[in-house]
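Undergrad: Sharing a structure with you now.
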Amino acid sequence: MTGNELRAQYLQFWESKNSLILPSSSLIPTDPTTLLTSAGMQPLVPFFKGEETPPSSRLTSCQKCCRADDIEQVGVTWRHASFFEMLGNFSFGDYFKREAIVWGWEFLTKTLGIDPNVLYVSVYFEDLEAPEIWKKDVGLSDDRIFRFDKKDNWWGPVGKSGPCGPDSEIFYDRGAKYDTGDAEMDRPGGDGDRYGEIWNLVFQQYNQTESGQLLALPAPGIDTGMGLERTAAILQNVDTIHHTDLFAPIINAISATKNQGEIAFDLSTPQLHPEDPTTKPLKVVADHARAAIFLASDGVTPGNNGRDYMLRRFIRRAYLNGRTLGLDKPFLHRLVPIVEQGYGAIYPELIERGDLISDLILREEERFGVTIESGMNRLDDLMADAKSKGKTQLSGAEVFSLYSSQGFPPELTADILSDNNLSFDQNEFQAASESHSKVSGNAVGEYQKREFDGLQTQFLGYETTKSDAKIVAIRDGKIALDKSPFYAESGGQSGDSGEIIGENGRAQILDTKKEGKTWVHFAEIQGELKEGDAVTAVVDAPRRRAIERAHSATHLLHAALRGHLGKHVEQRGSLVEGDRLRFDFVHFSAISSEELQKIEATVNEEILASLPVEIAEKTLAEARAMGAMALFGEKYGDVVRTVKMGDFSLELCGGTHLSTTSAAGLLRIVSEGGVGANVRRIEALTGEAAFEHDRAQNEKLREVAASLGARPENALAAAQKLVQKTRELEKQLAEMQRKLSGGAADEILSQATEIKGIAFVASRAPENLSADALRELADQISQKMNGVAVLASENGGKVSWAVKATKAAVEKGAHAGNIVKQLAQITGGNGGGRPDFAFAGGKDVSKIDEALNQASSLV
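Heads up, the sequence shown is in full-length UniProt numbering, so the first residue is 1 and it goes up one at a time.
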C-alpha cells in the first residue's frame, strides 16, 4: 500500500463514521506562542478548549507537521522525521473511549488487513476504563496490554497549557530481528526498533493551566494521531521510513545527482545499507529538503529568528550533509520538482509556489556556500589544534566568534564536532553570546502591560467617526469606553487620534491600541473625567481620511506588485499612517527604477479609474473561493471582512478604507530597499503628502533649471550638455598635467642621490596635480631610476604625497607605505600602503619642505 493510498483510506474510513474531513492547516500556526504546527490536533485546540465551535462534532484530517526537537535523531533511527504527516480523527463531546478504540482496531485489522496477533497496546496505569474496553470489546488478552505512567501514556499539552489527558498507544511487532537483547528497549513503548508505535489514542479530558492545574474540559473528546510515514513503513515491510515510497523518489534523485545522473521521479526502493557511510547523510538530506520545501510552500523564508531560522537550519544542515556526499555545489533546489510530483496533488501550494520555492532555496544555498568555505577552514583549524593538544572540547568563545564573525551556526558546528568526536563548551558559548548582546545593545520593548482585562469595547468606527459613549475605566492617562468610533492599531493601520469630551473635562486622544477586546485610548486629560461619565468620542476625521488613503493605496500597491513581479510577492508587514505607507514583501532582488515606475503607474491608473471599494462580510470558505488574499501570519475566524477594489484587488482586511480609489488622489513611491533575507520594503506617499512631494520636487527642478540658465522642461538637456563639457575639460586638464609632469620628471631626476645603496629622490612636484597625474609622474621617475621616489604636490591648501619603490629597492628594505605614513604625519595627515607604492594626504602645506628634508632618513 502506497503512502497516498494509506492517507486516502484513512480519511475515507473516518468519513464513513460521519466525520467531516478537514484540509491540512498551514505549518505556520495561528497561535503566536508556537513556532510551527507540530501535532495533528494543534489547529483544533480552540475547539477542545471550548473557545470556538467546531464545524462538526466529528472531524478527521491529515495534518502537515514539522519539528526540530529530535533533529539529531534524523537518519539514525528508523522513524524520526523533521516533516511528517499526522493522520487523526477527533471527537468533541461526541464519541469517546469505546468508539475510538473499537473503530481504531477495525481500521487496522479490517481496512488495512494487519494481523491482530502482532499488535500490542499500552494504557495509562490510572485509567481503569481503557484496558477493560481493550479486553471486553476488542478481545485482547491481558498480557498484550501494558500499563505505564505519565511519562509514556499521558499526552499534552502542546506548550505550557492546553488540552491533555491519558492515552492508549497501539504498537506493531516488527519481528525478533530488531531485538537488541535489552528487555527494557525491546518492549512496547521502549526505545528499541522492534515495536513500532502506529497510533496514539488520546482521551482529551482536561485543560491544563499554566500553573499545572488540571481542569475538566467542558466537552471531553478524542484526539488521535497516526504517523503516515511510520505506518507506511510497516505496511510496506521496509526497515525505515526512508525506504518507503514517500522518501524513495527524493533519495533516488539525490543519488542520481551524486552520481551525475539524470534526476527523475523514481519510486524504486532506495539502496540504503546500514554499513554504508553515505546512508545517514542521504537520509538527512532527503528529510531536511522535504521539510524545507514544505515550510517554504507555507510562506516561511530563511532568516535568523524563529521559524525563519528553522528553515535556514534545515537548508544549511542538508547542504552540509550533501558536501559529505561530494555535492559541493547548490543542489537542493533541484529536488523541488520531485517533492511537487509526489505531493502536489494533495498540497497544491507546492505547485503554485514551485518556482518561488526553488529560487528561495537556491539563493540560500549560494549564500551558505560562501559562508561554509571560510567557516569550514576556520573550524578545521580549530579541530586540528584541539586534537593536536589532546583536547575533546573546543572553547565556547571560539565557536561564538565563528558564529558572530562568519555566520557559522553553532548547531551546525556541534554536528560537525560530534562527527569528529569533539564538542564545545556550551556555558562559555552562552557567556560570549550574552556579552555580545550587551555590547550590541540588543533589547526589545513594547506596550504589553495589561490593565483592562475583562472589559470589552464595541467598535463603531466602520460606520461613524463620532459617537456617544461611557467611560468604563481610566488608568494612568489611558481611557477605556464601552463603545468607540476610534480605530485601534491593527493590521499595520495606525490607531486613530481625536477627542473624548465630557461635561467636566475633555481628553486629547493621541493614539488608540487594542488590549484583548478592549480599545485603549491614550489621552492627555484636561479638567475632570471619571469612570461612568457619559462622553462624546470624536475621531480626527481628516487624519482618519489620510490614513484611509494610504491603506486603500496599500491594497492597490500589493496587487500591482504581484502583477508586475509575480505571485510569489506576499506581504510581510505594513505600516499605514496619514498619507504615508510602508510595505514589506517577499521578493528576491532589488527592483529597477524602470520597474518601480511601471508599478507606480499601474497604481495611479487604478486610482484614476475611480474603482468602487466594496466591503462585505463572508465566510472564510466563501472569501477564499472568491480568490481573496489572506495575509501571512494573520488569524481569521469563520466570518471575515473582504475589501474589493473593482476587479483589481481583493483582500481580507479589518481596516478602514475609502469608498472609491480616486479619493486616494495620487501615489508616489519614494524608496525601495532590502530589510532582510528575501524581504523588500517600499515606502510611498498618497494624497496631500504625495502632492506636496511633487510640489517640492518641481521647485527643486526650477531652481536647478535657473542655475543652468534653462527652462524647467529643458533642464535635463542643459545638465547633460554641462556634464559633457565638464568631461571634455577634465580630459584636457589631464593631458596638460601629463605633459607638465613629463617635463618635471627629468628635472626631479636631476636631484637624485644614493642612500644606503638605493637610488633616491625627494622633491616637490608641480602644484594641483590630480592623484592619477601624481601616480603617473612617480611611475615615470621609477622607470628611469631604480630606487625610491618621494613626491609632494600642493593642491588647494593641502598636500598629496606619493612614494614609489622599485622591486630592487624593496628587496633592499625600502617600504613605500612606511615612508609615506611618516611624511603624512609631519604634514598633519595620515596614510599608508604597499611596500612598492603608497599614497597619502596632509593638511599643513607649510611643513612640506621639512618633511622632504627628513625623507632620506626614512629609507
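Even glycine gets a Cβ: it sits at the ideal position worked out from N, Cα and C. Just so you know, these numbers come straight off a predicted model, no measurement behind them.
1. Nearest-angstrom Cα distance between K449 and K514?
2. Output the residue ranges of the beta strand (DSSP E) runs that lie fully inside the region 656-692 and measure 3 residues or longer, sorted by chain position.
3. Count the other C-beta atoms from every protein chain shown that fall within 10 angstroms of the C-beta of T209, then say buried if there are 16 or more, exposed otherwise.
4. Once DSSP output is grouped into helix, strand and coil, what is the label at V74?
5. Given a cut-off of 7 Å on the beta-carbon distance, is the pair A473 and K483 in contact?
6. By DSSP, does E489 sit in helix, in strand, or in coil?
7. A630 lies in the beta strand (DSSP E); which residues open and close that run?
8. Based on Cα-Cα distance, which residue from N795, A752 and K329 lies nearest to I781?
9. DSSP state of E794, grouped into three classes?
10. Across the region 272-292 and the region 243-263, are there enough close Cβ pairs to call them in contact, namely three or more that are closer than 8 Å?
11. Does the region 661-673 come into contact with the region 587-599, if we say contact requires no fewer than three beta-carbon pairs (one atom in each stretch) closer than 8 Å?
12. Considering only the alpha carbon of each residue, which of P409, K731, A559 and E747 lies closest to F648?
13. For D355, which of A546, N421 and I293 has the nearest alpha-carbon?
14. Taking the beta strand (DSSP E) that A824 belongs to, which residues open and close that run?
15. Ends of the beta strand (DSSP E) at D308?
16. Which ranges would you report for the beta strand (DSSP E) in the region 717-766 if only whole runs of at least 3 residues count?
17. On the criterion of 16 or more Cβ atoms from any shown chain inside 10 Å, does N18 qualify as buried, or is it exposed?
18. Considering only the alpha carbon of each residue, which of D328, A759, E411 and P157 lies closest to I254?
19. CB-CB under 6 Å to A778, same chain, minus the five flanking residues each way: which ones, in chain order?
20. Can you look up M185 in the DSSP assignment and give me helix, strand or coil?
21. Closest to T34 by CA distance: which of D186, E692 and C66 is it?
22. Among N795, F839, F92 and G797, which has the Cα closest to the Cα of H815?
23. What three-state label does DSSP hand L214 in the structure shown?
24. According to DSSP, simplified to helix, strand and coil, what is P274?
25. Can you tell me where the beta strand (DSSP E) holding H558 begins and where it ends?
26. Within 10 angstroms of the Cβ of H555, are there 16 or more other Cβ atoms? Answer buried if so, exposed if not.
27. How would you call H243, buried or exposed, if buried means at least 16 neighbouring beta carbons within 10 angstroms?
28. I need the straight-line Cα distance from T457 to A621, nearest angstrom please.
29. L777 lies in the alpha helix (DSSP H); which residues open and close that run?
30. Take P270 as the anchor and find which of S610, K466, I241 and A296 has the nearest alpha-carbon.
31. Within a Cβ cutoff of 6 Å, which residues of the same chain sit near A443, ignoring the five residues on either side of it in sequence?
32. What does DSSP give as the partner residues of E811 in its beta bridges?
33. So what's L6 in DSSP terms, helix, strand or just coil?
34. Just to confirm the assignment, what range does the beta strand (DSSP E) spanning G505 have?
35. On the three-pair Cβ rule with 8 Å, is the region 528-543 touching the region 604-614?
36. Compute the Euclidean distance between the alpha carbons of A719 and P712, then round it to the nearest angstrom.
TA: Quick look at the numbers:
1. Within the sequence shown, residue 449 is the residue found at index 449, counting from 1. Within the sequence shown, residue 514 is the residue found at index 514, counting from 1. Confidence at K449 is low in this model, with a pLDDT of 47, below 50, so its placement is unreliable and the value that follows should be read with caution. Each residue's Cα considered, the two are about 11 Å apart.
2. The region 656-692 contains these whole beta strand (DSSP E) runs: 667-676 and 679-686.
3. Your numbering for residue 209 matches position 209 in the sequence shown. By the neighbour-count rule (16 or more Cβ atoms within 10 Å), T209 is not buried but exposed.
4. As a working note, residue 74 is residue 74 in the sequence shown. In this structure, V74 counts as coil in the three-state DSSP scheme.
5. For this step, residue 473 is matched to residue 473 along the sequence shown. For this step, residue 483 is matched to residue 483 along the sequence shown. No, the Cβ-Cβ distance between A473 and K483 is not below 7 Å.
6. Residue numbering aside, residue 489 sits at position 489 when the sequence shown is read from its first letter. Here E489 sits in coil by DSSP.
7. Locating residue 630 in the sequence shown gives position 630, where the first residue counts as 1. Taken as a continuous stretch (DSSP letters only), A630 belongs to no beta strand (DSSP E), as it is neither H nor E.
8. Here residue 781 corresponds to residue number 781 of the sequence shown, with the count starting at 1. It is A752.
9. By one-based count along the sequence shown, residue 794 stands at place 794. Here E794 sits in strand by DSSP.
10. yes
11. yes
12. In the sequence shown, counting from the first residue as 1, residue 648 sits at position 648. Here the closest residue by C-alpha is A559.
13. What you label residue 355 is simply residue 355 of the sequence shown in a count that begins at 1. When A546, N421 and I293 are compared, the shortest CA-CA separation from D355 is found for I293.
14. In the sequence shown, the residue the question calls residue 824 occupies position 824. It is not in any beta strand (DSSP E) - A824 instead sits in the alpha helix (DSSP H) that spans A816 to I826.
15. Walking along the sequence shown from the start, residue 308 turns up at place 308. Premise fails: D308 lies in the alpha helix (DSSP H), G306 to T324, not in any beta strand (DSSP E).
16. 753-755 and 758-764
17. Position 18 of the sequence shown, counted from the first residue, corresponds to residue 18. Burial call: exposed.
18. By 1-based counting over the sequence shown, the position of residue 254 is 254. The candidate whose alpha carbon is nearest that of I254 is D328.
19. Residue 778 sits at position 778 when you count from the first residue of the sequence shown. So the qualifying residues of the chain are A789, L791, A802 and K804.
20. By 1-based counting over the sequence shown, the position of residue 185 is 185. Coil, per DSSP.
21. On the sequence shown, residue 34 is found 34 positions in, with the first residue counted as 1. Cα-wise, what sits closest to T34 is C66.
22. The residue labelled residue 815 in the question sits at position 815 within the sequence shown. Among N795, F839, F92 and G797, the Cα nearest to that of H815 is on F839.
23. Stepping through the sequence shown from its first residue, residue 214 is reached at position 214. L214 falls in the strand class under three-state DSSP.
24. Working through the sequence shown from its first residue, we reach residue 274 at position 274. Of the three classes helix, strand and coil, the one that applies to P274 here is coil, per DSSP.
25. Taking the sequence shown and counting its residues from 1, the one referred to as residue 558 is at position 558. No beta strand (DSSP E) contains H558, which is instead part of the alpha helix (DSSP H) from A541 to L565.
26. The residue given as residue 555 occupies position 555 in the sequence shown. The residue in question, H555, is buried, as its Cβ has 16 or more Cβ neighbours within 10 Å.
27. Translated into the one-based positions of the sequence shown, residue 243 becomes position 243. Buried, by the Cβ-count rule.
28. Working through the sequence shown from its first residue, we reach residue 457 at position 457. Working through the sequence shown from its first residue, we reach residue 621 at position 621. One C-alpha to the other measures close to 28 Å.
29. One-based indexing of the sequence shown puts residue 777 at position 777. Its alpha helix (DSSP H) spans residues A771 to K784.
30. The sequence position of residue 270 within the sequence shown is 270, counting from 1. The shortest C-alpha separation from P270 is found at I241.
31. Taking the first residue of the sequence shown as position 1, residue 443 is located at position 443. Only weak support exists for where A443 lies, its pLDDT of 31 falling under 50; the value from the coordinates is given anyway. Counting only Cβ-Cβ distances below 6 Å, and skipping sequence neighbours, we find nothing.
32. Indexing the sequence shown from 1 puts residue 811 at position 811. Paired residues: none, contrary to the question.
33. For the purposes of this step, residue 6 is taken as the residue at position 6 of the sequence shown. L6: helix per DSSP, three-state reduction.
34. The sequence position of residue 505 within the sequence shown is 505, counting from 1. First-last of the beta strand (DSSP E) with G505: G505 to E515.
35. no
36. The residue labelled residue 719 in the question sits at position 719 within the sequence shown. The residue labelled residue 712 in the question sits at position 712 within the sequence shown. Straight-line Cα distance between these residues: approximately 11 Å.
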